[in-house]
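Using the numbering used here, the first residue of the sequence shown is number 249, and each one after it goes up by one.
Working notes, structure below.
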Amino acid sequence: MFSAALKGNDFLHIGITTGCLDVGLKSLYSGVNNSVVCSFLSDTKFSDCYGFTNDELNNILLHFGISIEYKNKIQKKYDGYSCFSEKGIVKNLYNPYSLMWFIDSNKSLKKNFQFKNYWINTGSDIILKSILYNNDFSFEKDFLSLLYGNIIIVNIKESINLDETSFKDKSKENLKLIKNTFSKEYIWTVLLYSGYITLADEEEYKKCIEEMDDQMIKLISDEPEENVNEIELKEYNKITIKKYKNSLINRNCKNDMKYVKVPNNEVLSELTILLTSILDSELKLTKDENIDKFIEGLYDKNIDKINKNLNDYLKKFSSYHLFCKNGVQDNCYQVLLMQLFIFWKIEGLTAEENSGNGRYDFGFPNKNEKNIKEYILIEVKVLKKKGKKSNINFDKECENAIKQIEDKNYAQRHIDNGYNSILKYGIAFHKKTCKVLMKLNNEKIKGPS
Numbered sequence: 249m250f251s252a253a254l255k256g257n258d259f260l261h262i263g264i265t266t267g268c269l270d271v272g273l274k275s276l277y278s279g280v281n282n283s284v285v286c287s288f289l290s291d292t293k294f295s296d297c298y299g300f301t302n303d304e305l306n307n308i309l310l311h312f313g314i315s316i317e318y319k320n321k322i323q324k325k326y327d328g329y330s331c332f333s334e335k336g337i338v339k340n341l342y343n344p345y346s347l348m349w350f351i352d353s354n355k356s357l358k359k360n361f362q363f364k365n366y367w368i369n370t371g372s373d374i375i376l377k378s379i380l381y382n383n384d385f386s387f388e389k390d391f392l393s394l395l396y397g398n399i400i401i402v403n404i405k406e407s408i409n410l411d412e413t414s415f416k417d418k419s420k421e422n423l424k425l426i427k428n429t430f431s432k433e434y435i436w437t438v439l440l441y442s443g444y445i446t447l448a449d450e451e452e453y454k455k456c457i458e459e460m461d462d463q464m465i466k467l468i469s470d471e472p473e474e475n476v477n478e479i480e481l482k483e484y485n486k487i488t489i490k491k492y493k494n495s496l497i498n499r500n501c502k503n504d505m506k507y508v509k510v511p512n513n514e515v516l517s518e519l520t521i522l523l524t525s526i527l528d529s530e531l532k533l534t535k536d537e538n539i540d541k542f543i544e545g546l547y548d549k550n551i552d553k554i555n556k557n558l559n560d561y562l563k564k565f566s567s568y569h570l571f572c573k574n575g576v577q578d579n580c581y582q583v584l585l586m587q588l589f590i591f592w593k594i595e596g597l598t599a600e601e602n603s604g605n606g607r608y609d610f611g612f613p614n615k616n617e618k619n620i621k622e623y624i625l626i627e628v629k630v631l632k633k634k635g636k637k638s639n640i641n642f643d644k645e646c647e648n649a650i651k652q653i654e655d656k657n658y659a660q661r662h663i664d665n666g667y668n669s670i671l672k673y674g675i676a677f678h679k680k681t682c683k684v685l686m687k688l689n690n691e692k693i694k695g696p697s
């Protein structure tokens, strides 16, 4: 195709191909030679051409009579891409496809603009889905960190070449990869060139780390596995959190390492959709009766139903995802719950939301309460102590989780927003077993019978 279009054409002086990955161009049979590749990583010629700039956006809004007051919402939805040039980083590039569709859909309106996800289905993600699924990437801790809006440091390759020998079945409908074919840096590179993540700089990264509270740092760091008492554990956590935060701030990008982030809310939504489609196979979510009843129990305050069905689900949940050589994978239970809640389309779900004096794990309105405004708050604890299950104090950890919700005043934001009832759940996990305790407002803590 490339050879026919670009070679031997007397009417062509130069050919420019945009919006595609550098996949296969270096192949012996690609029909392309003497090509110059321009990318986000370094572009001396077109660094401000990957999207609309702020000035261009202002002119577009003015031309179509859309008030500048909507710019902040447009920015959160469609902005955020960056490109490096010899002069440094070019920031705040708006997705041109999404922005033009937004203008076309809203140019005749004066208000109630539609902020849709126009980027969805603009290209095939079948290869990316296969790569993520077959390399067990959806449970990577860095993925969770990105979904929470953090900037991370990863290895990025200058170019990628999708080797056809990696595929067992090359049919478009049933594309399958050989298990664990690609390295992490390859996958991050695919995500970058596919538009799911974009580049950031050192200034953005350090600001992101400095603004992280202790709850977020604890979520993305390693927790102790030693058997220590509660006082020692609190002191350990204080020292560890401070030390880990300083180590993050002092990290520098070397060689192929880059600062990356999810560019905007539209891409975050698309990334969530992509991951949840993988989870249907990975977690066996579809039509799972235990998950249905677990979520029903949360809404109905049925503590017996909650405990029975979450434990039953954990028993059939693949051990591979919960264990690694060093024991329980960090934050795998938070990832599991978040993916369950997203896949089951919990209305109004928030995760790691700032409220009171910190961030709670999960929260959402109780849709089953019609006469009062009730908000559900969930805090998760993971027990890594070694020994027999009978020696593990699940109740204490659940009570600590509920106490944390109360001590840190996580309900304050929702009380300020008119909620007059707060339902608190403390969940403690240990390997493939868990326990859930519940407290409604100022009533006594309840557990399973």
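Virtual Cβ for every residue (Gly too), placed ideally from N, Cα, C.
C-beta contact flag for residue i and residue j at 7 Å
i: Ile497; j: Ala448; result: no
i: Pro344; j: Thr446; result: no
i: Cys707; j: Asp303; result: Absent from the structure is residue 707, since the part of the chain shown begins at 249 and ends at 697.
i: Tyr326; j: Leu341; result: no
i: Ile404; j: Lys506; result: yes
i: Phe312; j: Lys364; result: no
i: Ile620; j: Tyr381; result: no
Separation of residue j from residue i, as counted between CA atoms
i: Val508; j: Phe294; result: 20 Å
i: Ile650; j: Asn690; result: 11 Å
i: Glu601; j: Leu357; result: 33 Å
i: Glu388; j: Ile401; result: 14 Å
i: Tyr608; j: Gln660; result: 11 Å
i: Asn441; j: Glu433; result: In the sequence as displayed, the identity of residue 441 is Tyr instead of Asn. Taking the straight line joining both Cα atoms gives about 12 Å.
i: Ile316; j: Gln323; result: 11 Å
i: Gln362; j: Tyr318; result: 11 Å
i: Val515; j: Ile264; result: 26 Å
i: Lys420; j: Lys541; result: Note that Lys420 has pLDDT 46, beneath the 50 cutoff, so the model's placement of it is unreliable and the number below is only indicative. C-alpha separation (whole angstroms): 37 Å.
i: Ile351; j: Gly596; result: 27 Å
i: Lys593; j: Leu260; result: 51 Å
i: Glu622; j: Glu459; result: 30 Å
i: Asn257; j: Asn282; result: 16 Å
i: Ile539; j: Leu584; result: 12 Å
i: Gly397; j: Ser251; result: 43 Å
i: Trp349; j: Tyr366; result: 7 Å
i: Gly604; j: Tyr658; result: 5 Å
i: Leu310; j: Gln582; result: 45 Å
i: Lys679; j: Asp560; result: 13 Å
i: Leu395; j: Lys692; result: 35 Å
i: Val684; j: Tyr453; result: 37 Å
i: Gly674; j: Ile374; result: 38 Å
i: Leu439; j: Leu376; result: 8 Å
i: Leu713; j: Leu523; result: Given a span of 249 to 697 for the chain in the structure shown, any question on residue 713 remains unanswerable.
i: Thr413; j: Ser378; result: Confidence is the limiting factor: at Thr413 the pLDDT is only 43, short of 50, which leaves the residue's position unreliable, though a coordinate-based value still follows. Rounded to whole angstroms, Thr413 to Ser378 spans 14 Å at the Cα level.
i: Asp655; j: Ser517; result: 32 Å
i: Arg499; j: Cys682; result: 36 Å
i: Cys286; j: Ile337; result: 15 Å
i: Ile314; j: Gly443; result: 27 Å
i: Cys501; j: Asn555; result: 45 Å
i: Ser333; j: Met464; result: 33 Å
i: Ala253; j: Thr266; result: 15 Å
i: Ile653; j: Glu645; result: 13 Å
Residue from the options with nearest C-alpha to residue i
i: Gly611; options: Asn641, Val628 and Leu309; result: Val628
i: Asp462; options: Ser353, Asn494, Phe259 and Glu451; result: Asn494
i: Lys321; options: Phe288, Asn360 and Glu334; result: Asn360
i: Gln587; options: Ile521, Asn538 and Glu647; result: Ile521
i: Leu289; options: Asp504, Asn513 and Phe430; result: Asp504
i: Thr301; options: Asn282, Cys286 and Leu347; result: Leu347
i: Thr598; options: Leu394, Lys364, Pro613 and Val285; result: Pro613
i: Asp643; options: Lys255, Pro696, Asp296 and Ile653; result: Pro696
i: Ile624; options: Val438, Phe589 and Glu645; result: Phe589
i: Lys672; options: Thr681, Asp664, Glu647 and Cys682; result: Glu647
i: Lys615; options: Glu544, Gly606, Asn555 and Ile663; result: Glu544
i: Phe385; options: Leu519, Cys682 and Thr681; result: Leu519
i: Phe591; options: Asn500, Asp296, Phe430 and Asp536; result: Asp536
i: Trp436; options: Asn383, Ile457 and Asn641; result: Asn383
i: Leu562; options: Ile262, Lys687, Phe677 and Ser353; result: Phe677
i: Gly299; options: Leu631, Leu558 and Lys339; result: Lys339
i: Asn513; options: Lys455, Ile626 and Ile368; result: Ile368
Any chain B beta carbon closer than 7 Å to residue i
i: Glu450; result: Within the model displayed, chain B is absent; a lone protein chain is all it includes.
- Task: Evaluate contact between the region 656-668 and the region 540-557, counting only Cβ atoms and requiring at least three cross-stretch pairs below 8 Å.
- Result: no
- Query: Three or more C-beta pairs closer than 8 Å, one from the region 487-497 and one from the region 298-318: is that the case here?
  - Reply: no
- Item | Continuous alpha helix (DSSP H) assignments of at least 4 residues falling wholly in the region 573-613 | 580-591
- Taking only runs of the alpha helix (DSSP H) that begin and end inside the region 331-372, which ones reach a length of at least 4 residues, in chain order? 344-354
- Sequence ranges, alpha helix (DSSP H) only - wholly within the region 436-468, length at least 4: 450-458 and 462-468
- Task: List in chain order: all unbroken alpha helix (DSSP H) runs of 4+ residues lying wholly within the region 618-672.
- Result: 642-655 and 660-664
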